[in-house]
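To keep things clear, I will list the structure first and then write my remarks on it.
Number of protein chains: 2
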Amino acid sequence: MKKKNELPACPVATSVSLIGGKWKLMIIRNLRNRPWRFNELQRDLEGISQKVLTDSLRQMIDDGLVYRNDYHENPPKVYYGLTDLGKEMMPIIDALADFGNYYKTIVD
Amino acid sequence: MKKKNELPACPVATSVSLIGGKWKLMIIRNLRNRPWRFNELQRDLEGISQKVLTDSLRQMIDDGLVYRNDYHENPPKVYYGLTDLGKEMMPIIDALADFGNYYKTIVD
DNA sequence: CGGGATCCAACAGGATACTG
DNA sequence: CAGTATCCTGTTGGATCCCG
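The listed protein sequences correspond, in order, to chains A and B.
Quick note: the first sequence, position 63, residue 63 per the UniProt record's numbering, numbers continuous.
Quick note: the second sequence, position 28, residue 28 per the UniProt record's numbering, numbers continuous.
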């Protein structure tokens, strides 16, 4: 988990630093209702490379938004899910989705 | 203004494509209550280069979030403000600020 | 004051190959 | 299945100089 002194002064910028990646918000949206497996996520997020998915998940785990549940089985079985803190992001996802939908009704 | 067919399919991604820059959300936050002048913005957003401020403003104008009001005076006098569409972003800014503040109370 | 025009560094993200 | 390890490329953003 990051320390306070690494965070931007502005709370808005703090949030942006946590979800700034190209795919992080989409990942959170997917994890909303249940934990997902690695390949399951990659298949659903069409276009994401597995390096970027790995990096994103690791950062979000580090930031406390996502947990990783490794069953230590063979073949490997790992689930990713939202922590309680991660679930606090949902109002942001909803606000973004609302605006995105509204925007599409406006343009052209 | 962008065309629909240039927009991502996911509404969340649409929003992100509009505010994805490093400074755009901070600019919107500043323009919340009144129009600002160019240098006024640059002074307040400590660290932003004028190229990035110019680019960001132009993109946001293009996306319909910000308007530009040129008084055509000498010396130049130009104000930037939020359009009605831009004001619809405020719930997102608020949600991000809320989460940012909450996050700071959680970490360490 | 409000930019335009360049040039450059940093980094995020993508492609590919390989592994326990 | 769930990654690691490289390598490479495009885009962002920053620095500097100039202008009406």
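Backbone N, C-alpha and C fix where the C-beta goes; we use that ideal spot for every residue, glycine too.
Computed from a predicted structure; not experimentally measured.
Return the Cβ separation of residue i and residue j in integer angstroms, given the expectation that the two are a contact with Cβ distance under 8 Å.
| i | j | result |
| --- | --- | --- |
| VAL78(B) | LEU25(A) | The Cβ separation is near 33 Å, so there is no contact. |
| GLN42(A) | GLN50(A) | 6 Å |
| PHE99(B) | MET89(A) | 6 Å |
| ASP63(B) | LEU18(B) | 5 Å |
Taking Cβ to Cβ, would you say residue i is nearer than 8 Å to residue j?
| i | j | result |
| --- | --- | --- |
| GLY81(B) | ASN69(B) | yes |
| THR83(A) | VAL66(A) | yes |
| ILE61(A) | TRP23(A) | no |
| TYR103(A) | THR14(B) | yes |
Residues in the same chain with beta-carbon distance under 8 Å from residue i, minus the five sequence neighbours each way, listed in chain order, please.
| i | result |
| --- | --- |
| residue 143(B) | Not covered by the structure: residue 143(B). The range shown for chain B is 1 to 108. |
| TYR71(A) | LYS77, VAL78 and TYR79 |
| ASN30(A) | TRP36, LEU41, ASP44 and LEU45 |
Among residues of its own chain, excluding the 5 on either side of residue i, which ones have a beta-carbon nearer than 7 Å to its beta-carbon?
| i | result |
| --- | --- |
| ALA97(B) | none |
| SER56(A) | GLY21, TRP23, LYS24 and ILE27 |
| LYS4(B) | Any reading at LYS4(B) must be qualified, since the residue scores a pLDDT of 46, below 50, and its modelled position is unreliable; the value itself is stated next. Hits under 7 Å: none found. |
Assuming residue i is part of the alpha helix (DSSP H), what are its boundary residues?
| i | result |
| --- | --- |
| ASP55(B) | 50-62 |
| LEU82(B) | Unbroken run through LEU82(B) is the beta strand (DSSP E), 78-82; no alpha helix (DSSP H). |
| PRO91(B) | 90-106 |
| GLU40(B) | 38-44 |
| PRO75(B) | No alpha helix (DSSP H) holds PRO75(B); DSSP gives it neither H nor E. |
| ALA9(B) | ALA9(B) -> no alpha helix (DSSP H), and no H or E assigned at all. |
Given residue i, which residues of its chain have a CB within under 6 Å of its CB, disregarding the five upstream and five downstream residues?
| i | result |
| --- | --- |
| GLY20(B) | none |
| ASN33(B) | none |
State the start and end residues of the unbroken beta strand (DSSP E) segment that holds residue i.
| i | result |
| --- | --- |
| ARG68(A) | 66-70 |
| LEU31(A) | That residue, LEU31(A), is in no beta strand (DSSP E); it is neither H nor E in DSSP. |
**Report entry** Contact set between the stretch 30-61 of chain A and chain B, restricted to residues whose Cβ is under 9 Å from the partner
**Finding:** Listed by position, the residues of the stretch 30-61 of chain A near chain B (Cβ gap below 9 Å) amount to none.
Query raised in the report: What are the residues of the stretch 76-107 of chain B that lie near chain A, defined by any Cβ-Cβ distance shorter than 9 Å?
Result: LEU85, GLU88, MET89, PRO91, ILE92, ILE93, ASP94, ALA95, LEU96, ALA97, ASP98, PHE99, GLY100, ASN101, TYR102, TYR103, LYS104, ILE106 and VAL107
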